[in-house]
Each structure stands twice: as structure tokens, then as C-alpha cells.
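**Student:** Sharing a structure with you now.
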Amino acid sequence: MSSPLAGARPPRRKRRFTRAAYYIHLWLGVLVTVGLIAISITGILLNHKRGLGLMPEVEHAPSAPFAESIPVERMAYAALVAAPQSARGTWKPGDSVDISLIDRMDLRPRNGYVKVRLRDKASMEMTVDIASGRVLHTGRRGDVFLEKLHSGEAFGGVSYVILSDIAAVALVLTLITGYWLWLAPKLSGGAGAQDDVT
Amino acid sequence: MSVGFLALLVGMFAIPVALLIMGHRYRRRHARTRAMFRGAVIGHCVAILVAVTWAMIPPEMWQPEDTGRGLAGYWSLLVLPVAGALVARFAARDG
């Protein structure tokens, strides 16, 4: 990218602003390259998580009215029984439900199932029929880790989302300054308007 | 904050700043400094590919004794540009 100071001579203040925009664009662009590449790749993968098989898709219709659903505790128990041994640790069938193993239960009344996600490394998820307690699907959620990587949480918790915030703010500033660097010579008129500086 | 994460932050932010400073008025720099800059840029580009690729490995595939992931994911962004600069420096002197 060549210097934006070539071409016509716009007012000094505008030239200063354009010069600042040029360096902000240049420096921020280089500074957040790594973060933005990681965020972009994980974003693309997350957009296509169903197609890539990262998120199990279970086709199911309610087998009974919602009012006849089994208790939540029984849904969780059925899920833990179906979970692989590596995901449920020392818990075994017959024990009471250990809620520390469960990350979340995502209930879908219109589909008639609940998705029970465990807190293991693979983020195992069991899809359980809310009327019968039958396990419809068992599989890992590959998108959970990608989401954490995308947000920055993978580095140690919610506070680390500041990393993706920095990258996002830098991207916005880079876009604005890039737009200005394209627009500035056109606004200045004269010979500089025909000579794109970037 | 672990040492590995600190290395990642340095590789992610401090190394690009150093490259920008080295790249400023590039043509006026000494030939050896220019060679180091080129080596560091190549090292950093390789490190970006390595770090991003290794970062995508899902957690269930991690092993307790897995040092490769830590090295590639956390340290490569710091180590490879420095290594690239050093290699280029000595190559420039020999050449």
C-alpha cells in the first residue's frame, strides 16, 4: 500500500486524518491478523456445523402431549445411562442423577425431545424423548469447542472473550479507515480524485 | 495465566508490533536487518498456519502428555518468527 499523501493537496487537517487512518489501517491490520484468521475460520465452520456433522440433527415428532412428559430427573437419568463411560466418570446406572456431570438440558417441546449435554471434554449430547425417556441419539457436540475458540473462552473462561473483542474492534476500525482511505482522494477532487492512493 | 498463554499473547500481539517497527522505513535498514525481517515474517506466516490448524483439534483428542499441541498452539507464534529472524540473520552473514 503506497502513502496516501500523494496526489492533490487537501487541507492540512484532512491530510493529517488521512495519514492517521493510513497508519491505523496498517498497524491494526497486522496486529489482529492471527486473531481474525482464527475467528473467521471458526465462524465459517460454525455456520456450517450441521452440514459438517458437528451438531447432530435428530428428526423426531412428539410421541405424546407435552403435559404427559416424564420428569426432568428421569430425562437426565436416561441420558446418563446412554452416555459413554468416559463421559460420565464414576457414575453408574442405579445411582442418583449427578447434576455436576450435566452442562445443560435443552428442551424442545415442538420436537418432543430434550438434548442433554454433558460437561466432558467431547461435550457428549444425548437426545431423549420427553414422553417415553427413550434415547434417540448419542453423539458428541463438535461445535462447542469451536464456539469457545471463536469467542476466546477456550483460553480460560468468559473473561478471555476480551481477545475476540479486541479483534472485533480492530476489524471495525480497519474497515472504517480502509473506507476513508478509498474515499479521501475522491473527496479532495482535482488530480488526486483520479489517482487512487491505495 | 499460564506461561504458554503468555507466550501466545506475545506471539499474537508483540511479534506483529515488532515486525511493524522493523518494517518501518524498510529500504533504509541494514541488509542484515532486512533479512531478519523477511525471516521473521516467513516464520510468523508459518506459525499462523500451524497455530490455527492445531487449535482446531477437539479437546477429546488431547492427551495429558500431548506437548505438540501446546508447542504448536501456544509457542509457535513466538518461537517461529524469532527462529526465522535468527536463521535469516546468519544466512545473510554467511551469504
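Residue numbers (my numbering), protein chains in the order written: chain R, 3 to 200; chain C, 3 to 97. Glycine included, each C-beta is placed from N, C-alpha and C at the ideal position. This structure is a prediction, so every number in the text was calculated from the model and none was measured.
1. Where does C/Gly75 land, buried or exposed, given buried means 16+ other C-beta within 10 angstroms?
2. Which residues in chain C have a C-beta closer than 9 Å to the C-beta of R/Arg142? List them in chain order.
3. Look at the Cβ atom of C/Arg91, then the Cβ atom of C/Arg27, and state whether they are nearer than 8 Å.
4. Shorter than 8 Å from the beta carbon of C/Val19 to some beta carbon of chain R?
5. Can you tell me whether C/Ile23 is buried or exposed? The criterion is at least 16 other CB atoms within 10 Å of its CB, across all chains shown.
6. Quick check on the burial criterion: 16 or more other C-beta atoms within 10 angstroms. Buried or exposed for R/Gly53?
7. So, under 8 Å CB-CB, R/Val163 and R/Gly154 are touching, yes? Tell me the CB distance rounded to an integer number of Å.
8. With 16 as the cutoff for other CB atoms within 10 Å, does C/Pro18 come out buried or exposed?
9. What beta strand (DSSP E) runs, 3 residues minimum, are completely inside the region 102-132 of chain R?
10. Just the Cα atoms here: how many angstroms apart are R/Ile132 and R/Leu103?
11. Taking the alpha carbon of R/His139 as the point to measure from, which residue in R/Leu82, R/Arg17, R/Gly55 and R/Val60 has its own alpha carbon closest?
12. Take R/Phe68 as the anchor and find which of R/Val118, R/Ser134 and R/Arg14 has the nearest alpha-carbon.
13. Within 8 Å (strictly less), CB to CB, does R/Gly158 reach chain C?
14. With distances taken between CB atoms, is the gap from C/Val84 to R/Ile39 smaller than 8 Å?
15. I want to verify the contact list: residues of chain C whose CB lies under 8 Å from the CB of R/Ala124, in sequence order.
16. Given this structure, state the Cα-to-Cα distance separating C/Met14 from C/Arg36, to the nearest angstrom.
**Tutor:** Taking the geometry as given:
1. Classification of C/Gly75: buried, given that the 10 Å Cβ count is 16 or more.
2. Within chain C, the residues placing a beta-carbon under 9 Å from that of R/Arg142 are Pro60 and Glu62, ordered along the chain.
3. No.
4. It does: the Cβ of C/Val19 has a partner Cβ on chain R nearer than 8 Å.
5. Its Cβ having fewer than 16 others within 10 Å, C/Ile23 is exposed.
6. Exposed, because fewer than 16 other Cβ atoms sit within 10 Å of the Cβ of R/Gly53.
7. Under the criterion of beta carbons closer than 8 Å, R/Val163 and R/Gly154 qualify as touching, at roughly 5 Å.
8. If you draw a 10 Å sphere on the C-beta of C/Pro18, you find 16 or more other C-beta atoms in it, and that means buried.
9. Counting whole runs of 3 or more residues, the region 102-132 of chain R contains the beta strand (DSSP E) stretches 104-110, 115-120 and 126-131.
10. For the pair R/Ile132 and R/Leu103, the Cα-to-Cα distance works out to about 20 Å.
11. The shortest C-alpha separation from R/His139 is found at R/Val60.
12. For the set R/Val118, R/Ser134 and R/Arg14, the Cα lying nearest the Cα of R/Phe68 is the one of R/Ser134.
13. Using a CB distance cut-off of 8 Å, R/Gly158 counts as an interface residue toward chain C.
14. The criterion of a C-beta distance shorter than 8 Å is not satisfied by C/Val84 and R/Ile39.
15. By Cβ distance, chain C contributes Pro60, Pro61 and Glu62.
16. Going by the C-alpha atoms only, they are around 21 Å apart.
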